[in-house]
Amino acid sequence: MTKTPLPGGQDSWQKPPVAMLAELTHRCPLQCPYCSNPRELSRRSDELSTKEWIDIFAQAARLGVLQLHLSGGEPTARKDLVDLIAAAREQGIYSNLITAGVLLTPDKIAAYKAAGLDHVQLSIQDSDPQNANRIGNHKGGHGKKLAAAAWVCEAGLPLTVNAVVHRQNLDHLQDIIELAASLNAHRLEIAHVQYYGWALQNIEALMPTAAQVEKANRLAAEAADVYRGRMVIDYVVPDYFARRPKRCMDGWGNQFFAITPRGLVLPCHAAETLTGLSFSSLREKSLEWIWREDPAFQRFRGTDWMAEPCRSCEFRDIDLGGCRCQAFALAGDAALTDPVCHLSPHHEKVVALAEAAASVQDVTYLYRR
Ligand code: SF4
Ligand code: SF4
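Using the numbering used here, count along the sequence shown one by one with no gaps and you end on 445.
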């Protein structure tokens with residue numbers, strides 16, 4: 077095969093990807109207002125079949141993928157999940173189930189474990205049951221999640237609790253941390269909402285105040301010390317309150333890709349929000365071709381695509397200019413500096429947006445439907 081040089085001679089494509097996110101379905105019993113699924117959800121009839129996913133896992137293993145994150149929507153809504161986990165195990169790929177937990181039963185968990193599942197990541201919406209159920213718009217959901225966490229631990233599977241935080245649950249952060257510890261989580265991921273897609277529609281309801289963020293930063297740091305050796309706490313200062321952006325996805329098309337329910341391969345799970353790029357389907361192209369050759373994957377690899385101020389910035393190899401989806405959502409061009417950066421000419425927009433959104437009272441959610 078003729079090798080297509082990347083723009084500027086970047087060579088990320090020669091490295092194998094480390095991890096893949098398989099969005100098995102967009103179906104989900106919950107309707108979180110910050111859901112990272114696209115506004116246009118895939119229909120069940122368009123979803124990849126069991127056979128197609130099994131073939132993709134084999135392609136992924138040949139390409140060098142080590143970790144598989146089974147996600148959605150709600151991946152346990154797929155009746156063939158046991159077969160998919162077994163296929164990943166057969167290929168020697170470590171599998172992590174990312175679930176809202178409300179469809180789990182002890183029998184299902186036992187079957188997933190027997191098929192070779194390695195890890196479970198369970199999302200919670202809050203420590204307060206009423207507020208949790210309101211955020212997910214799912215009656216009784218919180219109680220089902222607590223039961224699911226216990227079943228996961230009883231089955232001997234390691235558990236990560238994932239808590240997405242925002243203005244309407246951030247005041248409960250200490251309780252959320254204690255709840256995760258009481259559920260015997262090995263790890264707690266405290267993830268501030270990322271504002272694109274559904275979350276951008278709900279920004280006025282979700283944006284925390286500066287005081288909330290300051291307190292949360294302190295609580296998370298204290299908890300990391302308190303729980304050291306018992307529960308790992310992952311916490312990143314939210315973008316809108318940072319001076320520099322984070323190294324998004326560890327680089328575009330560098331270590332990771334996501335596959336949508338209908339088979340599109342994306343360099344990041346939110347990349348479908350970028351209207352200027354066209355992504356390839358595994359129904360038409362091989363995974364290897366997409367990883368090595370797809371122009372959409374090559375577009376933002378490395379640093380040679382950058383314009384000023386990133387191009388001549390001392391941090392360009394560290395943060396890689398931040399998030400392309402955020403640059404597109406806030407500055408209208410995915411090739412610009414992430415406006416979260418204080419050096420971006422659009423940074424004032426971020427500050428104003430955060431302040432305006434956080435000051436709004438009595439807001440209701442536009443639920444994901
Ligand atoms: S964020 Fe909420 S609605 Fe979206 S897939 Fe996860 S649990 Fe379902
Ligand atoms: S200008 Fe670009 S490279 Fe420099 S800190 Fe900001 S986002 Fe990072």
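Note that CB positions come from ideal geometry on N, CA and C, so glycine has one too.
Kindly indicate which residue of the options has the alpha-carbon position closest to the one of residue i.
i	options	result
H248	D393, L419, G219 and D202	D202
E280	C417, V289, Y303 and R243	R243
S171	P182, P151 and L179	P151
L235	G216, K221 and V241	K221
W227	L264, V289, A186 and N209	A186
K291	T351, L106 and N245	N245
A405	I132, A231, G352 and A208	G352
T413	E364, C399 and V426	C399
H214	M283, C108 and Q250	C108
D441	L276, E348 and K127	First, the amino acid is wrong: residue 441 is Tyr here, not Asp. The residue with the shortest Cα to Cα distance from Y441 is L276.
L98	L157, Q270 and K91	Note on identity: in this sequence residue 98 is Ala, with Leu being the wrong assignment. The shortest Cα separation from A98 among L157, Q270 and K91 belongs to L157.
Please report the distance separating the alpha-carbon of residue i from that of residue j.
i	j	result
G305	E360	47 Å
T175	S147	7 Å
M77	D326	Interpretation of M77 is limited by its pLDDT of 37, a score under 50 that renders its predicted location unreliable; the figure taken from the coordinates is listed afterwards. If I take the Cα positions, the gap works out to 28 Å.
G84	E254	Model confidence at G84 stands at a pLDDT of 41, short of 50, so the residue's coordinates are unreliable and nothing is read from them.
S356	R294	43 Å
A433	T285	9 Å
W328	F373	7 Å
T379	C324	13 Å
S88	A410	Annotation note: pLDDT 48 at S88 (below 50); position unreliable, coordinate value reported separately. One C-alpha to the other measures close to 19 Å.
L139	A334	14 Å
L358	L340	6 Å
M283	K184	36 Å
Y443	D159	32 Å
P81	Q331	Residue placement at P81 is poorly supported in this model, since its pLDDT is 43, which falls under 50; the coordinates are not used for a value here.
K79	R377	Confidence at K79 is low in this model, with a pLDDT of 40, below 50, so the placement of that residue should be treated as unreliable; the coordinate-derived value is given next. About 16 Å.
When you compare the CB positions of residue i and residue j, do they come within less than 8 Å of one another, or not?
i	j	result
N260	S199	no
V308	H262	yes
R103	W274	no
P93	W381	no
L192	A164	The amino acid occupying residue 192 in the given sequence is Gly; Leu does not appear at that position. Yes; because the gap between Cβ atoms is below 8 Å, this pair is in contact.
Q135	S362	yes
S118	P337	yes
A403	P415	yes
H345	S125	no
E137	I169	For clarity, residue 137 is Ala in the given sequence; the question names Glu instead. Cβ distance < 8 Å, so A137 and I169 count as in contact.
In chain order, what residues have a CB nearer than 7 Å to some heavy atom of ligand 1?
That gives C104, L106, Q107, C108, Y110, C111, S112, N113, G148, G149, E150, A176, S199, G212 and R444.
Exercise answer, beta-carbon shell around ligand 2 heavy atoms below 6 Å
Output, sorted by chain position: R320, P321, P385, C386, C389, F391, R392, D395, G397, G398, T413, D414, C417 and L419.
Just checking, does the stretch 313 to 322 make contact with the stretch 411 to 426 on the three C-beta pairs under 8 Å criterion?
With a cut-off of 8 Å, the stretch 411 to 426 and the stretch 313 to 322 count as touching, because enough Cβ pairs lie within range.
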